[in-house]
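Peer 1: I'd like to ask some things about the structure below.
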Amino acid sequence: MEATDRINTLLVGAGGREHALALALSQSPRLGTLHISNPENPGLASLGTPVDVPVSKAEIYRLNQYCDKHNIGLVILGPEGPIADGFTDALATDIRLVFAPNAAAARLESDKAWAKQLMRSASIPTAEARVFSRFDRAMDYLQSRDEAPVIKAAGLAAGKGVVLPDSLEAGIEFLRACMEDGRFGDAGRTVLIEERLEGPEVSIHALVDGRNMYILETAQDYKRIGDNDTGPNTGGMGACSPNIHIDERAMETIQREILVPTIDALRREGIDYRGVLYTGLMLTPAGPKVLEYNVRFGDPECQAILARLRTDLIDMCIATCTGRLNSVDIDFSPEPSCCVVLASEGYPESPNIGQPISGIDEAQALQNVQVLHAGTRRDDSGGYITASGRVLNVVATGSTRQDARDLAYHAAKAISFPGMKYRTDIGS
Ligand code: AMP
Ligand code: GLY
């Protein structure tokens, strides 16, 4: 592939993260036709051609045929599901690159018990944990502990598989839901009961090309639903970049003690990791410790990070896939960004959807603002309605963190729908 060729690209995924990726792709002079898996998202529909075959593991051969037919040279997988399902292995060919790790590497996210074992084998600092696949044993252990635990379903649970129970009863209830009642299907039959860590949380996104690693600009994710980190965990209520909790020294420690050993440990397992490695960490008094790995961009961290990316996204993806990260100059704007998630009433438990949305165009008209569609639909008259818990992402950049934040909130106030809620402390 010559560096000047245009590349037909398929983007898989349905949310705000993918809308941000699609926007960055659409700004690349190297983009041929952009194909998208989820045209029900109006933001994606406005930028790409819908795929007209099923996008599923069971019928992956049809997506493969589609890619052949449309001469697709690059596939970008946004969410963890298709990555864990092995889309990378199934779609990559000699002439088609897939920007996402393979299924073996995806176990870092899809099997927390395996990831914990990998960390232990490489002495990577992480919360102490025990793994259980029998309910009675998990119960006995939970009851024998003095300290407050964290309980995690070992498999993929759409961001709902982790609880920090505030009582023994709540812990038992979650264990039962996972292990006996099958709340997450097979993904919850094995659980981890883990030491609860304290400290500021940071997520580090790195590009890994098999051998080399490039650490992207940092971002802070706001996971709890309420201001000042109150209420239940969500997929993420906002993000800002950079993350002010992390300085150069902490980053060096993280790179030396966590990121490099992770890639080395994967290589020892025979795993060639190529794609985004997102490491969730807590900066504890005893140093940074891993909470989790994800094998993709975080949502909404991706929106805040890409708002600052100056490098061509297609060049960045190709360099990652082909083991040539050293050959691209990855460059970010020094201007901070702030992403505020507008969510539905009842999110995260039971979002109330189908509400009419107004003000998107007004917010979008503001300079240095991007309104990304996370969970919206067009209604019959062409207007926008809410379609899931996280509805829109309002992303702004500014010359200071405060400017970015003020602008994001100014734009957010132009938008409204019944029951709309958002955190007021993103980036503060
Ligand atoms: P995870 O999906 O593993 O990142 O967990 C979701 C969230 O739960 C994290 O972002 C943390 O806020 C919290 N969490 C997970 N593990 C721990 C832990 N060991 N100690 C304290 N909080 C945790
Ligand atoms: N924002 C957290 C995640 O994407 O997992």
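Sequence positions in the sequence shown follow our numbering and run 12 to 439. Even for Gly, the Cβ is constructed at its ideal location relative to N, Cα and C. Bear in mind the structure is a predicted one, so any value in this text is a computation, not a measurement.
(1) Would you give the residue range spanned by the beta strand (DSSP E) that residue 98 belongs to?
(2) So does residue 138 have its beta carbon nearer than 8 Å to some heavy atom of the ligand AMP?
(3) Count the other C-beta atoms from every protein chain shown that fall within 10 angstroms of the C-beta of residue 231, then say buried if there are 16 or more, exposed otherwise.
(4) Taking 9 Å as the cut-off, decide whether the C-beta atoms of residue 94 and residue 112 are in contact.
(5) Going by DSSP in three states, residue 244 sits in which element: helix, strand or coil?
(6) With a threshold of 16 other CB atoms inside 10 Å of the CB of residue 145, please say whether the residue is buried or exposed.
(7) Does the region 114-124 come close enough to the region 85-103 to have 3 or more Cβ pairs within less than 8 Å?
(8) Which same chain residues end up closer than 8 Å to residue 55 when comparing Cβ atoms and leaving out the 5 residues on each side of it in sequence?
(9) Give the C-beta separation of residue 344 and residue 319 to the nearest angstrom, bearing in mind that I take them to be a contact with Cβ-Cβ under 8 Å.
(10) Which residues, in chain order, sit with a beta-carbon under 5 Å away from any heavy atom of the ligand GLY?
(11) Quick check: the region 273-289 against the region 426-438, are at least 3 beta-carbon pairs closer than 8 Å?
(12) Which word fits residue 41, buried or exposed, when buried means at least 16 other C-beta atoms lie within 10 angstroms of its C-beta?
(13) Identify every residue that forms a DSSP beta bridge with residue 374.
(14) With a threshold of 8 Å (Cβ to nearest heavy atom), would residue 91 be considered close to the ligand AMP?
(15) Look up residue 316 in the DSSP assignment and say whether it is helix, strand or coil.
(16) On the DSSP bridge list, what partners appear for residue 389?
(17) What would DSSP say about residue 110, mapped onto helix, strand or coil?
(18) Does DSSP put residue 167 in a helix, in a strand, or in coil?
(19) How far does the beta strand (DSSP E) with residue 5 in it reach, from first residue to last?
(20) State the DSSP-derived secondary structure class of residue 25, mapped to helix, strand or coil.
(21) What's the C-alpha gap between residue 335 and residue 220?
(22) Go ahead and label residue 169 buried or exposed: buried means 16 or more other beta carbons lie within 10 angstroms of its beta carbon, across all protein chains shown.
Peer 2: Let me spell this out:
(1) Your numbering for residue 98 matches position 87 in the sequence shown. Careful: residue 98 lies outside any beta strand (DSSP E), inside the alpha helix (DSSP H) at 98-102.
(2) Here residue 138 corresponds to residue number 127 of the sequence shown, with the count starting at 1. Result yes, Cβ under 8 Å from the ligand AMP.
(3) To locate residue 231, count along the sequence shown from 1; it is residue 220. Label assigned to residue 231: buried.
(4) Stepping through the sequence shown from its first residue, residue 94 is reached at position 83. Stepping through the sequence shown from its first residue, residue 112 is reached at position 101. For residue 94 and residue 112, yes; Cβs fall inside 9 Å.
(5) The count along the sequence shown starts at 1 and reaches residue 244 at position 233. Residue state, collapsed to three classes: strand.
(6) Position 134 of the sequence shown, counted from the first residue, corresponds to residue 145. Classification of residue 145: exposed, given that the 10 Å Cβ count is below 16.
(7) yes
(8) The sequence position of residue 55 within the sequence shown is 44, counting from 1. Excluding positions up to five away in sequence, the list reads 22, 25, 29, 30, 33, 47, 49, 384.
(9) Position 333 of the sequence shown, counted from the first residue, corresponds to residue 344. Position 308 of the sequence shown, counted from the first residue, corresponds to residue 319. Confirmed, about 5 Å.
(10) 232, 247, 309, 310
(11) no
(12) The residue given as residue 41 occupies position 30 in the sequence shown. The residue in question, residue 41, is buried, as its Cβ has 16 or more Cβ neighbours within 10 Å.
(13) Reading the sequence shown from its first residue, position 363 is the one you call residue 374. None; residue 374 has no bridge partner.
(14) Start at 1 with the first residue of the sequence shown, and residue 91 comes out as number 80. No, the beta carbon of residue 91 sits no closer than 8 Å to any heavy atom of the ligand AMP.
(15) Counting from 1 along the sequence shown, the entry for residue 316 is found at position 305. The answer is helix: DSSP assigns residue 316 an H, G or I state.
(16) Residue mapping note: residue 389 aligns to position 378 of the sequence shown, counting from 1. 395.
(17) If you number the sequence shown from 1, residue 110 lands on position 99. Strand at residue 110.
(18) As a position in the sequence shown, residue 167 is number 156, starting the count at 1. Reduced to three states, the DSSP call for residue 167 is coil.
(19) The requested residue 5 is not part of the displayed model; the chain covers only 12 to 439.
(20) The sequence position of residue 25 within the sequence shown is 14, counting from 1. Three-state DSSP puts residue 25 in coil, outside helix and strand.
(21) In the sequence shown, counting from the first residue as 1, residue 335 sits at position 324. In the sequence shown, counting from the first residue as 1, residue 220 sits at position 209. For residue 335 and residue 220, the distance between alpha carbons rounds to 7 Å.
(22) Start at 1 with the first residue of the sequence shown, and residue 169 comes out as number 158. Looking at its Cβ environment, which holds fewer than 16 other Cβ atoms inside 10 Å, residue 169 is exposed.
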